[in-house]
Amino acid sequence: MFLLIILLAGGLLWLLANFLLKSLFFTRRFYLMGAAAVLFFLMGYFITLLEPVSFVVFGLLLALLAIDLVFIFGYNRPPVAVRHTAERMSNGDKNAVSITVKNNYPFTVSMEVIEELPAQFQERQHFFKGQLSAGAECVFNYELRPVERGEYNFGHVIIYAGSLLGLVRRLFICEKETTIPVYPSFVQMRKYELMAQYAQTHETGSKRMRKIGHSMEFEQIKEYTIGDDIRNINWKATARKSVMMVNNYTEQRSQQVYCIIDKGRLMKMPFDNLSLLDYAINATLMLCNVSLYRQDRFGLMTFSNKPGSFLPADRNRGQLENVLKSLYNQQTAFLESDYEMLYSNIRGLIKQRSLLLLFTNFESLSGLQRQLPYLKQIAKYHLLVLVFFENTEFKKITGIRAADTASVYMRTVAEKFIHEKKIIIKELQKNGILSILTPPQNVTVDTLNKYLELKARQAI
Numbered sequence: 042m043f044l045l046i047i048l049l050a051g052g053l054l055w056l057l058a059n060f061l062l063k064s065l066f067f068t069r070r071f072y073l074m075g076a077a078a079v080l081f082f083l084m085g086y087f088i089t090l091l092e093p094v095s096f097v098v099f100g101l102l103l104a105l106l107a108i109d110l111v112f113i114f115g116y117n118r119p120p121v122a123v124r125h126t127a128e129r130m131s132n133g134d135k136n137a138v139s140i141t142v143k144n145n146y147p148f149t150v151s152m153e154v155i156e157e158l159p160a161q162f163q164e165r166q167h168f169f170k171g172q173l174s175a176g177a178e179c180v181f182n183y184e185l186r187p188v189e190r191g192e193y194n195f196g197h198v199i200i201y202a203g204s205l206l207g208l209v210r211r212l213f214i215c216e217k218e219t220t221i222p223v224y225p226s227f228v229q230m231r232k233y234e235l236m237a238q239y240a241q242t243h244e245t246g247s248k249r250m251r252k253i254g255h256s257m258e259f260e261q262i263k264e265y266t267i268g269d270d271i272r273n274i275n276w277k278a279t280a281r282k283s284v285m286m287v288n289n290y291t292e293q294r295s296q297q298v299y300c301i302i303d304k305g306r307l308m309k310m311p312f313d314n315l316s317l318l319d320y321a322i323n324a325t326l327m328l329c330n331v332s333l334y335r336q337d338r339f340g341l342m343t344f345s346n347k348p349g350s351f352l353p354a355d356r357n358r359g360q361l362e363n364v365l366k367s368l369y370n371q372q373t374a375f376l377e378s379d380y381e382m383l384y385s386n387i388r389g390l391i392k393q394r395s396l397l398l399l400f401t402n403f404e405s406l407s408g409l410q411r412q413l414p415y416l417k418q419i420a421k422y423h424l425l426v427l428v429f430f431e432n433t434e435f436k437k438i439t440g441i442r443a444a445d446t447a448s449v450y451m452r453t454v455a456e457k458f459i460h461e462k463k464i465i466i467k468e469l470q471k472n473g474i475l476s477i478l479t480p481p482q483n484v485t486v487d488t489l490n491k492y493l494e495l496k497a498r499q500a501i
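Our numbering runs 41 ahead of the 1-based position in the sequence shown.
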């Protein structure tokens with residue numbers, strides 16, 4: 042009798058599951074209650090008084106299961122979930138995403154909402170839980186920080202809904218698959234735009250530069266005030282007005298600024314999950330926005346062992362979108378970069394003297410010396426600024442007290458590499474090449490400061 046009941050119940054559940062097209066899922070509470078019913082049947086085999094109790098427990102379980110099924114599958118008004126995200130995400134920054142869930146059942150429902158994140162995040166346990174009353178809405182907010190550029194494919198938003206009895210849950214697939222592109226960090230671009238208006242930033246190492254001299258772009262004639270340069274006195278206007286008048290000049294504009302990005306193997310080095318190439322790309326996008334705001338002409342060039350993208354310098358606002366699209370698909374080539382080819386391309390494509398910010402990396406003095414002849418040739422025709430990166434892991438090693446021979450050796454090697462970076466700076470200075478040695482996380486602000494400094498000094 043016992044085996045017959047178990048077989049009938051199992052067959053009923055199998056037929057029920059197939060009839061409901063695999064949208065039915067049993068919860069842990071159901072299995073615990075089923076285990077309790079089985080335990081009563083086993084005990085009833087040895088204790089006669091418990092045999093009728095086991096049938097009561099089993100019947101109660103079936104009755105509750107039937108009620109729960111009627112509640113969950115008897116109403117054809119499924120819950121709705123909608124994902125809200127921007128049309129594109131910013132690489133290396135936190136991007137807000139939200140899921141709005143509405144309960145269309147006429148009673149309170151417990152829900153488990155599963156978000157199928159893109160494969161790049163490697164996260165398979167991203168879900169939210171909650172109870173929603175009849176007709177109520179709930180918004181689940183979270184943030185994503187992508188560390189690679191490209192297309193991110195979001196899957197479905199899946200809802201497991203169940204009544205307060207909690208024996209079964211019904212599966213609902215609510216949101217369709219969505220592809221969101223991840224672009225270079227336009228969040229940082231906007232962040233530094235306001236700072237650049239005042240020719241200063243408020244982060245570590247930044248400073249306001251005093252402008253020396255004046256440009257030859259005339260702006261207006263105004264009355265003299267204390268602090269104006271007496272060399273700018275306009276004597277003819279003074280004679281006509283009988284008041285001291287001075288010429289007012291504005292900062293020289295429409296200068297050419299090029300960012301040149303090395304896509305060689307050294308730029309693949311990671312830091313905080315982002316590659317050095319991505320830090321260089323984010324800084325380039327920020328500098329493009331700032332230079333266009335200051336009415337300079339901005340251009341872009343990339344290279345590795347062969348020529349990459351090239352955008353001629355322009356100051357139209359459409360240039361920012363062109364730069365953004367060009368930087369979107371840039372990848373490292375895992376090969377040694379050809380600086381001789383770079384020099385040839387610069388001579389052929391950039392005719393006017395320009396500010397060139399070259400984002401690259403040198404880990405040793407010998408690596409610099411192989412490319413130094415080409416850098417010196419570039420610096421003859423343009424104002425060249427070499428932007429390369431500190432290895433912050435070496436700094437961490439030198440800050441740890443050596444406890445054994447191995448740690449002493451590691452600390453010595455780390456100090457050697459740090460010292461070589463300083464020698465590289467001295468070597469560049471000796472050859473008249475400006476340089477920025479910066480931690481990856483500070484490359485954006487340091488590059489902006491150098492650009493503003495050179496503008497203030499009228500070095501371009």
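Beta carbons: idealized from backbone N, C-alpha and C, even for Gly. Fair warning: this is a prediction, and the values are worked out from it, not measured in the lab.
* Give the secondary structure of MET250 by DSSP, where H, G and I count as helix, E and B as strand, and everything else as coil. => As a working note, residue 250 is residue 209 in the sequence shown. Because MET250 carries a pLDDT of 47, less than 50, the predicted location of this residue cannot be relied on, and the following value inherits that uncertainty. Coil, per DSSP.
* Asked: Which one of LYS232, MET84, ASP313 and GLY191 has the shortest CA to CA distance from MET327?
  -> Locating residue 327 in the sequence shown gives position 286, where the first residue counts as 1. Checking every option, the nearest Cα to that of MET327 belongs to LYS232.
* Asked: Is the distance from the Cβ of TYR201 to the Cβ of ARG210 below 8 Å?
  -> Locating residue 201 in the sequence shown gives position 160, counting from the first residue. Locating residue 210 in the sequence shown gives position 169, counting from the first residue. A contact, by the Cβ cut-off of 8 Å.
* Asked: Considering PHE344, what are the terminal residues of the beta strand (DSSP E) in which it resides?
  -> Looking up residue 344 in the sequence shown gives position 303. Its beta strand (DSSP E) spans residues 338–344.
* To do: Give the range of the alpha helix (DSSP H) segment to which ASP487 is assigned.
  => Translated into positions along the sequence shown, residue 487 becomes position 446. Per DSSP, ASP487 belongs to the alpha helix (DSSP H) from 484–498.
* Asked: When the Cα atoms are used, what is the spatial distance from GLU192 to VAL228?
  -> Position 151 of the sequence shown, counting from 1, holds the residue named residue 192. Position 187 of the sequence shown, counting from 1, holds the residue named residue 228. Distance between the alpha carbons of GLU192 and VAL228 is about 18 Å.
* **Distance between LEU469 and ARG272 (C-alpha atoms, nearest Å)** => Taking the first residue of the sequence shown as position 1, residue 272 is located at position 231. Taking the first residue of the sequence shown as position 1, residue 469 is located at position 428. Their Cα atoms are separated by approximately 37 Å.
* Cβ-Cβ separation, LEU416 to TYR380 (assumed contact under 8 Å), whole Å -> Mapped onto the sequence shown, residue 380 falls at position 339. Mapped onto the sequence shown, residue 416 falls at position 375. About 7 Å separates the two Cβ atoms, so the contact holds.
* Asked: Which value, in whole angstroms, describes the spacing of the CA atoms of ARG498 and PRO159?
  -> For the purposes of this step, residue 498 is taken as residue 457 along the sequence shown, with counting starting at 1. For the purposes of this step, residue 159 is taken as residue 118 along the sequence shown, with counting starting at 1. If I take the Cα positions, the gap works out to 47 Å.
* Please go through the same chain and pick out, in chain order, the residues whose beta-carbon is closer than 7 Å to the beta-carbon of GLY207, but skip the five residues on each side of it. => Here residue 207 refers to the residue found at position 166 of the sequence shown. Same-chain partners within the cutoff: THR68, ARG70 and SER151.
* Whether SER332 touches VAL287 by CB criterion (8 Å) -> As a first step, residue 332 must be located in the sequence shown, where it is residue number 291. As a first step, residue 287 must be located in the sequence shown, where it is residue number 246. The answer is no: Cβ separation not under 8 Å.
* If you draw a straight line from the alpha carbon of SER283 to that of ARG335, how long is it in whole angstroms? -> One-based indexing of the sequence shown puts residue 283 at position 242. One-based indexing of the sequence shown puts residue 335 at position 294. Using only the alpha carbons, I get a separation of about 36 Å.
* To do: Classify MET130 as helix, strand or coil using the three-state DSSP reduction.
  => The residue labelled residue 130 in the question sits at position 89 within the sequence shown. Three-state result, MET130: strand.
* Asked: Is VAL121 helix, strand or coil by DSSP?
  -> As a working mapping, residue 121 is identified with position 80 in the sequence shown. In the structure shown, VAL121 sits in a strand (DSSP, three-state: E or B).
* To do: Could you pull out every residue in the same chain whose Cβ sits closer than 6 Å to the Cβ of ASN182, ignoring the five residues on either side in sequence?
  => Reading the sequence shown from its first residue, position 141 is the one you call residue 182. For ASN182, where only same-chain residues beyond five positions count, the Cβ hits under 6 Å are SER139.
* Asked: Where DSSP assigns a beta bridge to GLY171, which residues make up the other side?
  -> Position 130 of the sequence shown, counted from the start, is the residue given in the question as residue 171. DSSP output for GLY171 lists MET152 as bridge partner(s).
* Asked: Do the CB positions of ASN346 and ALA321 come within less than 8 Å of each other?
  -> Along the sequence shown, one-based indexing puts residue 346 at 305. Along the sequence shown, one-based indexing puts residue 321 at 280. No. Outside cutoff.
* Write down the C-beta distance between THR433 and PRO480 rounded to the nearest angstrom, noting that I regard them as a contact closer than 8 Å. => Within the sequence shown, numbered from 1, the residue matching residue 433 stands at position 392. Within the sequence shown, numbered from 1, the residue matching residue 480 stands at position 439. About 5 Å separates the two Cβ atoms, so the contact holds.
* To do: Determine the closest residue to ALA107 out of ASP303, LEU73, PHE82 and LEU65, with distance taken between C-alpha atoms.
  => By one-based count along the sequence shown, residue 107 stands at place 66. Looking at the Cα atoms, LEU65 is the closest of the given residues.
* Would you mind reading off the limits of the beta strand (DSSP E) that contains SER139? => If you number the sequence shown from 1, residue 139 lands on position 98. Here the beta strand (DSSP E) through SER139 covers 136–143.
* Asked: Are at least three pairs of beta-carbons, each pair with one atom in the segment 360–372 and one in the segment 272–281, less than 8 Å apart?
  -> no
* Asked: Under three-state DSSP, which class holds LEU318?
  -> If you number the sequence shown from 1, residue 318 lands on position 277. In the structure shown, LEU318 sits in a helix (DSSP, three-state: H, G or I).
* Give the range of the beta strand (DSSP E) segment to which ASP269 is assigned. => Taking the sequence shown and counting its residues from 1, one reaches residue 269 at position 228. Element bounds for ASP269: n/a, residue is neither H nor E.
* To do: Determine, using beta carbons only, whether MET308 and ASN386 come nearer to each other than 8 Å.
  => On the sequence shown, position 267 is the one that residue 308 refers to. On the sequence shown, position 345 is the one that residue 386 refers to. Cβ atoms of MET308 and ASN386: not closer than 8 Å.
* How is GLU404 classed by DSSP in three states: helix, strand or coil? -> Mapped onto the sequence shown, residue 404 falls at position 363. Note: GLU404 maps to coil in three-state DSSP.
* Three-state secondary structure (DSSP) of ASN370 -> Within the sequence shown, numbered from 1, the residue matching residue 370 stands at position 329. Looking at ASN370 - three-state DSSP - the assignment turns out to be coil, as it is neither helix nor strand.
* Are the beta-carbon atoms of LEU399 and LEU365 separated by less than 8 Å? -> Residue mapping note: residue 399 aligns to position 358 of the sequence shown, counting from 1. Residue mapping note: residue 365 aligns to position 324 of the sequence shown, counting from 1. Their beta carbons are not under 8 Å apart, which means LEU399 does not touch LEU365 by this criterion.
* Could you give the DSSP three-state label for GLN161: helix, strand or coil? => Here residue 161 corresponds to residue number 120 of the sequence shown, with the count starting at 1. Three-state DSSP puts GLN161 in a helix.
* With contact counted as at least three CB pairs below 8 Å, one residue from each stretch, are the segment 219–227 and the segment 124–140 in contact? -> yes
* To do: Within the same chain, show all residues whose beta-carbon is closer than 7 Å to that of GLU164, passing over the 5 residues directly before and after it, in chain order.
  => Counted from its first residue, the sequence shown places residue 164 at position 123. Closer than 7 Å at the Cβ level, and outside the excluded window around GLU164, lie LEU158.
* Just mark HIS423 as buried or exposed, buried being the case when its beta carbon has 16 or more other beta carbons within 10 Å. => Reading the sequence shown from its first residue, position 382 is the one you call residue 423. So HIS423 ends up on the buried side.
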